[in-house]
Ligand code: SAH
Ligand code: MG
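In my numbering, the protein residues as written are 32 to 891.
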């Protein structure tokens, strides 16, 4: 094989001619706008596009917009070359003629251009077709030709077949250099290339080249299958594809645009419906029967008859033919990638395990592609313009942002408008949140989850989007997903260990998914290490439930119904075995999950690492001190969570006799019941201190509503809870508790936002985030579930207004940090004391809470 010569691409030619007098300036283009607030710039990094301006001594040119810098530079160089070689002409028809003349020139033959490869390969075609280049390729591989055709005849945008006649006509004006064959819709040079031109390009020849491709039949009941195309040396690959499609030669073949990744060479090849056996086709309307719906959906343009999906073609970077095998898995993955949740599943490589969460927490606990990027990808996949984001600040004193997203149709009509009411401390979080809202909506809509129109945050304009597109997305969603887990039966194996995960923990599991049919099984997905946040609904419900019940080292097993056949093919199983199993009857999916590691939520880790005793322990001690001082016997823990306070209180000698925990999380309450039960009921380990306890009760309900079982306690605690509700709800809770529950003492703790910089400086996580370079930027919240975090002033305004209204006194204090030293305590605490006596009665019939666990001492 001859040594490869330096590749001659447009940039290389410009370099030869101009050396360092050629200046390339790359411009990044961010496709969203920020309106109303000139001071705001979007710091969020996302997929961005590039345009290149090439400056030469006498003139400059600007490229089209590309996803890769390289392509933008090549395009600018190419434009500059055109300016240099082409005589200046105005009329697009004349320009088309001169462009054709350039394509058939000696100079073009030796360039490294995706189209010149075809010119060279055409010389190796057999028989009469030697040297003929199919016209259909030209607008596909040469944007200049395509644009000129569009400006001559705008209709070709919709009827790509009509370019052929335009190009044929133009070639008629070059009788000395280009010869057109009407019969073959191909063009050829009139005179042979001079030998020195032919010799100037050396192409390496592989003896035997076979490319795996996929046939997508237009009849939907025929399955998508593999085939092998023989493109061995000296054969023109387009002719080989033509043969597979059952037509005489390459000129009958049409090409789709690239599918999938940016600048992809994966395309669909299909027959020109006018010229091949599909002659039955008469007028546009009557083609319907031959429309290949699967192929059309995949590439977003109408395709008729059978199609072949293949990755093959010439690239800017080499003279050799580029090719890659395409398997049926690729096909199904491309299809899955067009569904909003599919993009997320594929990005995490956890097709059978992952699920798009409904909420965005913070950048540090989000795993997988970011919602904004998923949304952009979704739009791009469906040939819609990039989503448009608008952010605005909502208040002057505190930096907080709201973000809206708009999705437009191709012709710039508004399709979807999402304007969530929540505001965020960070603009990027606001953007991610509005993106995920929209994605969830799209997902519900396409999965037919009774969303057929607007909801509070989203306005949908169905008239502005083509029905075809909607139906196609729906159909492919149904085809690919249609999966409802939940309520599975599972079994857990292995020795129970100390470490069990709680909501908000980051868990790491290893898992394997099998396709099973009786005794036969095939692994279709395996992940050695897969992390997710428990409770964020980032995995399928079954996996979430099972993981929540395991301790580190244990394994869980469960079986689910088969997801769709198509989705099964996306998995990593051997396609032959998979089809075999699927064909031979009832199949199911079996999961085996092992819990490898549990990382506590960042907030808990900080509370343990930076304080001694840990901040949570300090809160417990604080409560104990008040219990002792007040000789309280009846305690209610509002928002008790997994019962950490109730559990720890039992380790200290106190006057308590009756304890009640209230929470809205059944899962957390179940944990609380488990630990409290073993502590209180197990005679052997019951600590002396807790022997006074006569009853313990866990109730499921919202602390914003009244329940008479909690009425009139001696002490109410509400530790690190209010920030998990909206500010309005927090205030409602304040009113309800002080006006209806009437605790003698109420202790409310919540994070002090002013303390966050100290916490965040000491955690490595924050350094990962580039945005954090800005010193004036607002701090992150401590936990993904926090709806707000207040400064001391904000908290004290809240508490003092409540106290005044309901006749309580209030004092402020805290734990973590030192009294009177800036920036105050890590956890700020308000202690409310009832000033008047407990009023008579109260509505004793109100019992909206559900009893989760009710324990009475046997000494009673
Ligand atoms: N007090 C516990 C748990 C704090 S986490 C501790 O200090 O460890 C916050 C808890 O508040 C969660 O368990 C959550 O389920 C609960 N919560 C949030 N909103 C609630 C509401 N409206 N009613 C009851 N509990 C609520
Ligand atoms: Mg909290």
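From the three backbone atoms N, C-alpha and C, an ideal C-beta is built for every residue, glycine too.
Legend entry - DSSP state of residue 41 mapped onto helix, strand, coil: helix
Inset, instruction - For the beta strand (DSSP E) containing residue 523, list its first residue and its last residue. - result: 521 to 524
Legend entry - residue 634: first and last residue of the uninterrupted alpha helix (DSSP H) it sits in: 633 to 640
Inset, instruction - Please confirm whether residue 671 and residue 692 have their CB atoms less than 7 Å apart. - result: yes
Inset, instruction - State the DSSP-derived secondary structure class of residue 165, mapped to helix, strand or coil. - result: strand
Inset, instruction - Using three-state DSSP, classify residue 804 as helix, strand or coil. - result: Bear in mind that the predicted position of residue 804 carries a pLDDT of just 42, short of 50, making it unreliable; the figure below should be weighed with that in mind. The answer is helix: DSSP assigns residue 804 an H, G or I state.
Inset, instruction - Examine ligand 2 and report whether any of its heavy atoms sits within less than 6 Å of the Cβ of residue 751. - result: yes
Legend entry - Beta-carbon contacts of residue 877 that lie in its chain and below 7 Å, excluding the five residues immediately before and after: 737, 738, 739
Legend entry - 4-residue-minimum alpha helix (DSSP H) runs that sit fully inside the region 152 to 203, ordered along the chain: 168 to 172, 174 to 183, 194 to 203
Legend entry - Between the CA atoms of residue 414 and residue 331 - distance to the nearest angstrom: 7 Å
Inset, instruction - Indicate, with yes or no, if ligand 1 has a heavy atom lying under 6 Å from the CB of residue 756. - result: yes
Inset, instruction - May I ask whether a heavy atom of ligand 2 can be found less than 6 Å away from the beta carbon of residue 814? - result: yes
Inset, instruction - Find the nearest neighbour of residue 398 within the set 560, 181, 341, judged by alpha-carbon distance. - result: 560
Inset, instruction - Tell me where the beta strand (DSSP E) around residue 895 begins and ends. - result: Only positions 32 to 891 of the chain appear in the structure, and residue 895 is not among them; the question remains open.
Inset, instruction - May I ask whether a heavy atom of ligand 1 can be found less than 6 Å away from the beta carbon of residue 699? - result: yes
Inset, instruction - In angstroms with no decimal places, state the Cα-to-Cα distance between residue 825 and residue 752. - result: 16 Å
Inset, instruction - Run the proximity test for residue 549: is its beta-carbon closer than 6 Å to any non-hydrogen atom belonging to ligand 3? - result: As for ligand 3, it is missing from this structure, which binds only ligand 1 and ligand 2.
Inset, instruction - Compute every distance between the C-beta of residue 19 and the non-hydrogen atoms of ligand 1, then say whether any falls below 6 Å. - result: Past the boundaries of the shown model lies residue 19; the chain is included only from 32 to 891, so the question cannot be answered.
Inset, instruction - Consider the C-beta atom of residue 690 and the heavy atoms of ligand 1; say whether any pair is separated by less than 6 Å. - result: no
Inset, instruction - Could you tell me whether the region 883 to 890 touches the region 721 to 736, using the rule of 3 or more Cβ pairs below 8 Å? - result: yes
Inset, instruction - On a CA-only basis, which of 401, 454, 438 is nearest residue 423? Give me that one, please. - result: 454
Inset, instruction - Return the first residue and the last residue of the alpha helix (DSSP H) that residue 792 is part of. - result: 787 to 792
Legend entry - Rounded distance between the beta-carbons of residue 782 and residue 823, thought under 8 Å: 11 Å between Cβ atoms; not a contact.
Legend entry - From 83, 172, 102, 184, residue whose alpha carbon lies closest to that of residue 122: 184
Legend entry - According to DSSP, residues forming a beta bridge with residue 747: 667, 777
Inset, instruction - Go ahead and label residue 47 buried or exposed: buried means 16 or more other beta carbons lie within 10 angstroms of its beta carbon, across all protein chains shown. - result: exposed
Inset, instruction - Let me know the secondary structure DSSP gives residue 324 once reduced to three states. - result: helix
Legend entry - Contact between the region 663 to 682 and the region 500 to 510 (3+ Cβ pairs under 8 Å): no
Inset, instruction - Can you give me the Cβ contacts of residue 680 inside the same chain, cut-off strictly under 8 Å, excluding the 5 residues immediately before and after it? - result: 651, 654, 655, 658, 666, 687, 690
Inset, instruction - Specify, as a first and last residue, the run of the beta strand (DSSP E) that residue 859 falls within. - result: 858 to 865
Legend entry - Top-ranked residue by Cα proximity to residue 469, from 609, 639, 450: 450
Inset, instruction - Can you tell me which of 407, 410, 437, 409 puts its alpha carbon nearest to the alpha carbon of residue 29? - result: Absent from the structure is residue 29, since the part of the chain shown begins at 32 and ends at 891.
Inset, instruction - For chain B, find out if any of its Cβ atoms is closer than 7 Å to the Cβ of residue 162; answer yes or no. - result: Of the protein chains in this structure there is only one, and it is not chain B.
Inset, instruction - Give the single residue among 412, 535, 519 whose Cα lies nearest to the Cα of residue 577. - result: 519
Inset, instruction - Would you check if there are 3 or more beta carbon pairs closer than 8 Å linking the region 626 to 637 to the region 695 to 712? - result: no
Legend entry - Distance, residue 385 Cα to residue 626 Cα: 16 Å
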